[in-house]
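First to last, the sequence lines map onto chains A and B. In terms of my numbering, the first sequence opens at residue 1 and continues consecutively. In terms of my numbering, the second sequence opens at residue 108 and continues consecutively. Built from N, CA and C at the ideal position, the CB exists for glycine as well. Quantities reported herein were computed from a predicted structural model and do not represent experimental measurements. Here's the structure, in structure tokens; my notes come after.
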Amino acid sequence: MPKVVFITLGGAERIVDAHLGESVMSAAVRHGIPGIIGECGGNCSCATCHVYVADESIDEVGPVGDMEDDLLDLGVADRRESSRLACQIAMSDALDGLVVQVPQEQG
Amino acid sequence: MTGAGMTGTLVVGASQAGVQLAVSLRDCGDTDPITLIGDEPHVPYQRPPLSKAYLHGTTDLEQMMLRAPDYLVDRDITLITGDRVDRIARTAHGTGGEAVTASGLRLPFDRLALTVGARPRRLRVPGADLAGVRYLRTADDASMLRDLQAGASAIVVVGGGFIGLEAAAVARAQGKSVTVVEAGDRLIGRAVAPVMSEFYLAAHRRRGVDVRLGAQVVAMEARDSRVAAVVLSDGTRIAADLVIVGIGVEPCTELAEQLGLDVSGGIVVDEMARTSLAGVVAAGDCTVQPHPLGGEGLVRLESVQNAVSQAKVAAATLAGRDQPNVAVPWFWSDQYDLKLQIAGLSQGYDHWVVRGDVAAEAFSVLYYRGGELLAVDAVNAGADYMAVRKALTQGGTISPGAAGDGATPLRERIVPTAIGA
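What follows is the structure in structure tokens.
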């Protein structure tokens with residue numbers, strides 16, 4: 001099982017197991033990572049699973065999709081280059097150890 | 108005598124609203140026991156994929172869990188699955204009571220939350236109970252349907268609402284022959300405007316679905332005690348080896364009625380998710396509530412968004428905080444490669460503006476009443492959806508003229524609502 005490392009609001013690290021193909025959002029919600037809500041269940045509709053992807057993983061996770069881009073633009077408080085919606089990142093063995101940071105506020 | 112807080116809160120119904128309510132109550136700092144009970148044999152899961160990816164076989168229940176079981180244990184939330192609360196009564200004095208389950212379990216409570224959801228409305232025609240006539244609400248329903256669908260070739264969907272059309276889309280994607288039978292004169296008639304209904308009619312027909320509008324099912328015919336055909340009121344017979352019925356849901360109000368709560372097309376709650384009885388809250392599909400954006404009358408919102416928002420409000424109420432439910436409703440539906448996103452409530456509109464390219468299947472419809480922006484339905488137009496959602500959340504608006512100007516992104520046209528406008 002690939003692991004995802006969440007840097008939570010207080011700066012603490014939480015490492016969780018994700019299933020192959022599971023989204024980073026789903027893994028976060030199942031394990032109750034504070035600050036990741038995922039209200040729409042991963043349908044790219046709510047923008048409540050905003051994360052910042054660590055620099056070293058940016059290329060690995062691939063480009064932002066069109067719909068995701070729109071949601072990030074309008075739906076998140078502090079968009080950066082590294083902003084992604086966690087529901088749009090599917091976990092693979094190649095992404096094992098992915099580090100993402102949870103932003104200050106969501107949705 | 109049991110002291111206040113010793114028996115804690117009982118949450119009846121362990122789906123989206125129930126799980127959220129239990130978790131939010133802990134987030135509010137409540138330290139009393141919380142018991143969450145659901146009648147399905149599964150760990151609480153997300154329902155929306157049941158008529159989409161799960162039905163299609165591209166996801167499984169494990170990936171649809173709302174919270175990992177450990178998470179609930181860590182939060183000291185007791186989860187009971189596969190047992191149903193049959194009877195519920197208040198104690199003669201005080202605000203507590205006791206629930207009794209089908210298996211005979213007795214669950215005393217100080218405070219009660221009803222998040223009991225809704226059940227599919229049943230088709231009442233001769234033959235409706237034949238093998239091969241199925242409904243879609245639970246994971247078990249969807250699993251059964253998925254298996255039946257694999258061996259079916261001619262599928263009839265009764266009901267042209269969201270569930271029916273999503274199921275039809277999945278069946279078409281699997282190469283089945285699909286007929287949708289809708290009693291009304293247009294698709295999704297309860298939820299969207301005629302312009303959207305027409306679009307979905309054309310979109311499904313383009314993809315090979317036979318859609319019959321104004322078609323009343325009067326009977327199911329059998330062959331070898333399985334369904335073989337759907338019969339319409341005009342005598343038309345449509346061959347079918349699987350029938351999926353999606354004609355809406357009925358809120359589960361039996362427990363509310365046992366308690367003597369106000370019930371009117373759902374459990375009546377106020378903007379704080381309070382029922383008519385002190386100490387009892389309700390949230391999700393089972394409720395009717397004041398229009399969250401200040402419109403008239405009581406509304407019943409069947410959506411994940413409402414289940415989550417209202418559950419948070421209900422938890423806050425139980426924790427002694429006033430936090431009215433004023434969240435902007437939103438909703439989505441996936442059919443084929445068409446992603447419909449809705450923000451706001453369009454009911455009562457007197458004007459609409461179409462924006463984008465309907466033929467290219469990327470457009471949105473903005474709804475107005477007296478010039479006031481009410482809602483958007485956006486098909487493959489996420490930016491429009493998000494802009495309207497943002498405007499409504501901020502109490503702003505987008506003028507009809509701006510909405511019709513396809514050259515400028517909507518987000519650049521959001522303006523504060525003029526005072527008194």
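I need the boundaries of the alpha helix (DSSP H) containing residue i, first residue and last residue.
| i | result |
| --- | --- |
| D66 (chain A) | D66 to G75 |
| S304 (chain B) | P301 to R313 |
| Q365 (chain B) | E361 to Q365 |
| D193 (chain B) | Taken as a continuous stretch (DSSP letters only), D193 (chain B) belongs to no alpha helix (DSSP H), being part of the beta strand (DSSP E) at V192 to R197. |
| L425 (chain B) | V411 to L425 |
| R30 (chain A) | V24 to R30 |
| H163 (chain B) | A160 to H163 |
| M493 (chain B) | G489 to T500 |
| P155 (chain B) | Looking at the DSSP string, P155 (chain B) is not in any alpha helix (DSSP H), and its letter there is neither H nor E. |
| A510 (chain B) | P507 to G511 |
So, helix, strand or coil for residue i, using DSSP?
| i | result |
| --- | --- |
| V433 (chain B) | coil |
| L339 (chain B) | strand |
| I58 (chain A) | helix |
| D78 (chain A) | coil |
| Q170 (chain B) | helix |
| P523 (chain B) | strand |
| D317 (chain B) | strand |
| Q104 (chain A) | coil |
| K446 (chain B) | strand |
| G463 (chain B) | strand |
| D484 (chain B) | strand |
| M327 (chain B) | strand |
| R253 (chain B) | helix |
| D17 (chain A) | strand |
| L230 (chain B) | coil |
| D441 (chain B) | strand |
| V356 (chain B) | strand |
| T322 (chain B) | Residue identity differs from the one stated: residue 322 (chain B) is Ala in this sequence, not Thr. Here A322 (chain B) sits in coil by DSSP. |
| R518 (chain B) | helix |
| L9 (chain A) | coil |
Using a Cβ-Cβ distance cut-off of 8 Å, determine whether residue i contacts chain A.
| i | result |
| --- | --- |
| E364 (chain B) | no |
| Y84 (chain B) | A query on residue 84 (chain B) cannot be resolved here, the shown segment of chain B reaching from 108 to 528 and no further. |
| A278 (chain B) | no |
| E169 (chain B) | yes |
| I526 (chain B) | Its pLDDT being 48, under 50, I526 (chain B) is placed unreliably by the model, and the measurement read from it follows with that caveat. No, I526 (chain B) lies away from the interface with chain A (no Cβ there is under 8 Å from its Cβ). |
| Q417 (chain B) | no |
| Q412 (chain B) | yes |
| R518 (chain B) | yes |
| G489 (chain B) | yes |
| A396 (chain B) | It should be pointed out that residue 396 (chain B) corresponds to Gln in this sequence rather than to Ala. Judged by the 8 Å Cβ criterion, Q396 (chain B) is not in contact with chain A. |
| R407 (chain B) | no |
| D75 (chain B) | What the structure shows of chain B is the stretch from 108 to 528, and residue 75 (chain B) is not part of that stretch, so it cannot be assessed. |
| M172 (chain B) | yes |
| D531 (chain B) | Examination of residue 531 (chain B) is not possible in this model, given that chain B is present from 108 through 528 alone. |
Using a beta-carbon distance below 8 Å, is residue i in contact with chain B?
| i | result |
| --- | --- |
| H92 (chain A) | Correcting the residue identity first, residue 92 (chain A) is Ser in this sequence and not His. Chain B contact via Cβ: absent. |
| C49 (chain A) | no |
| D59 (chain A) | no |
| R14 (chain A) | no |
| C40 (chain A) | yes |
| S45 (chain A) | yes |
| G75 (chain A) | yes |
| L71 (chain A) | yes |
| M1 (chain A) | no |
| R84 (chain A) | no |
| E120 (chain A) | This structure leaves residue 120 (chain A) out entirely; chain A is present only between 1 and 107. |
| R30 (chain A) | yes |
| M25 (chain A) | no |
For residue i, list the residues DSSP reports as bridge partners.
| i | result |
| --- | --- |
| H458 (chain B) | B:Y475 |
| R381 (chain B) | B:V388 |
| T185 (chain B) | B:T142 |
| S284 (chain B) | B:A261 |
| Y52 (chain A) | A:S83 and A:Q101 |
| R241 (chain B) | B:I351 |
Need the endpoints of the beta strand (DSSP E) that residue i sits in, please.
| i | result |
| --- | --- |
| E273 (chain B) | No beta strand (DSSP E) holds E273 (chain B); the alpha helix (DSSP H) holding it covers F269 to A280. |
| P227 (chain B) | A225 to P227 |
| V125 (chain B) | One point to set straight first is that residue 125 (chain B) is Gly, not Val, in the sequence displayed. Run containing G125 (chain B): none in the beta strand (DSSP E); it sits in the alpha helix (DSSP H), Q123 to D134. |
| P215 (chain B) | R213 to F216 |
| P397 (chain B) | T394 to P397 |
| E205 (chain B) | G204 to T208 |
Taking 8 Å as the cut-off, does the segment 472 to 483 of chain B touch the segment 43 to 56 of chain A (at least 3 CB pairs, one atom from each stretch)? no
On the three-pair Cβ rule with 8 Å, is the segment 347 to 360 of chain B touching the segment 259 to 276 of chain B? With the rule of 3 Cβ pairs closer than 8 Å, the segment 347 to 360 of chain B counts as touching the segment 259 to 276 of chain B.
Decide if the segment 320 to 338 of chain B is in contact with the segment 221 to 233 of chain B; the criterion is three or more beta carbon pairs, one per stretch, under 8 Å apart. yes
May I ask you to verify whether the segment 382 to 391 of chain B touches the segment 207 to 226 of chain B, counting CB pairs closer than 8 Å and requiring at least 3? Flag = yes, the segment 382 to 391 of chain B and the segment 207 to 226 of chain B touch.
Does the segment 142 to 151 of chain B come into contact with the segment 240 to 257 of chain B, if we say contact requires no fewer than three beta-carbon pairs (one atom in each stretch) closer than 8 Å? yes
Three Cβ pairs or more, each shorter than 8 Å: is that satisfied between the segment 361 to 378 of chain B and the segment 328 to 337 of chain B? no
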